[in-house]
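The structure appears below as structure tokens.
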């Protein structure tokens, strides 16, 4: 069997930035064990598998089944691999400007906006917790907890959000040394927390409204270079704190990436540039 595949740098304006995802075009469902075998072979943070409905081809279909896998587990939601899937379909010759994806998180839509793709996700506004809530996670990251302004949590996504003191420079977050193994060891069951976002607002003269980094060792991802699903928490959070419906975000990981956000009632639009890095066929 030969299956087309693509590697796309999502939320990236140039190669070797953003978050790379593999996208595999399926003709039929694989055996469950095969999904993880392919994902492990690519060894990227996520691999997306897309299958058209109704016997259509990838070149003319607009509705697909979409599943996401890390090298170790299947995940319920992945923003950057969904964006990569839209870009891969376009590169394959599909001229549609709207794609619908049936996923474990429900129906998701990808919309073309200018040169970029935007994704419509459910909004998962986090709730504030006491600063000592699951302090074992915080202490696994910071020597001094005074740098933390507040702690929030989303039960829908099992993500913990740590807001840094606004007086700290962006470089504090960019240069922060994080040991993901320590984060995992602090809360190994993953029953409550399965991802940690560290974020802070930017000064008014910055080109973005807020910055963040994201860690998910529970899903086999020490640090995700650019993470879309965490912005289903961050977008409504910063929209409320900053009083803005449209926001610009930057993830300050080593690769870095840019996101454009629009917050609506119970939904978030997440968009950004993408760069096609590689294409080929899987033979097995």
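In the working numbering, the protein residues as written are 22 to 305.
For glycine and all other residues, C-beta sits at the position ideal for the given N, C-alpha and C.
_Cβ neighbour criterion (16 or more within 10 Å) applied to residue 190_ = The residue in question, residue 190, is exposed, as its Cβ has fewer than 16 Cβ neighbours within 10 Å.
*Starting from residue 183 and walking both ways along the beta strand (DSSP E), at which residues does that stretch end?*
Going by DSSP, residue 183 is part of the beta strand (DSSP E) stretching over 180 to 185.
*Can you give the beta carbon distance from residue 246 to residue 39, rounded, assuming they're within the 8 angstroms contact cut?*
Rounded, the Cβ-Cβ distance is 7 angstroms, consistent with contact.
*Rounded to whole angstroms, how far is the Cβ of residue 36 from the Cβ of residue 296, which I believe are closer than 8 angstroms?*
About 6 angstroms; that satisfies the 8 angstroms criterion.
*asked:* Determine whether the beta carbon atoms of residue 131 and residue 107 lie at a separation below 8 angstroms.
replied: In this structure, residue 107 lies closer than 8 angstroms to residue 131 by Cβ.
*Buried or exposed by the 16-neighbour rule on C-beta atoms within 10 Å, applied to residue 213*: Flag for residue 213 reads exposed.
*Kindly provide the ranges of any alpha helix (DSSP H) runs that are 4 or more residues long and lie completely inside the region 219 to 294, ordered along the chain.*
Runs of the alpha helix (DSSP H) lying entirely within the region 219 to 294, each at least 4 residues long, are 252 to 263 in chain order.
*In terms of residues, what are the limits of the alpha helix (DSSP H) holding residue 107?*
For residue 107, the enclosing alpha helix (DSSP H) starts and ends at 100 to 112.
*Range of the contiguous alpha helix (DSSP H) that encloses residue 158*: Looking at the DSSP string, the run of the alpha helix (DSSP H) that includes residue 158 is 156 to 160.
_Please classify residue 292 as buried or exposed, where buried requires at least 16 neighbouring CB atoms within 10 angstroms._
In summary, residue 292 is buried, with 16 or more beta-carbon neighbours lying within 10 Å of its beta-carbon over all protein chains present.
*What first and last residue would you give for the alpha helix (DSSP H) that runs through residue 192?*
Start and end: 191 to 195.
*Could you check the C-alpha separation between residue 172 and residue 80 for me, to the nearest Å?*
Spanning the two alpha carbons is a distance of roughly 45 angstroms.
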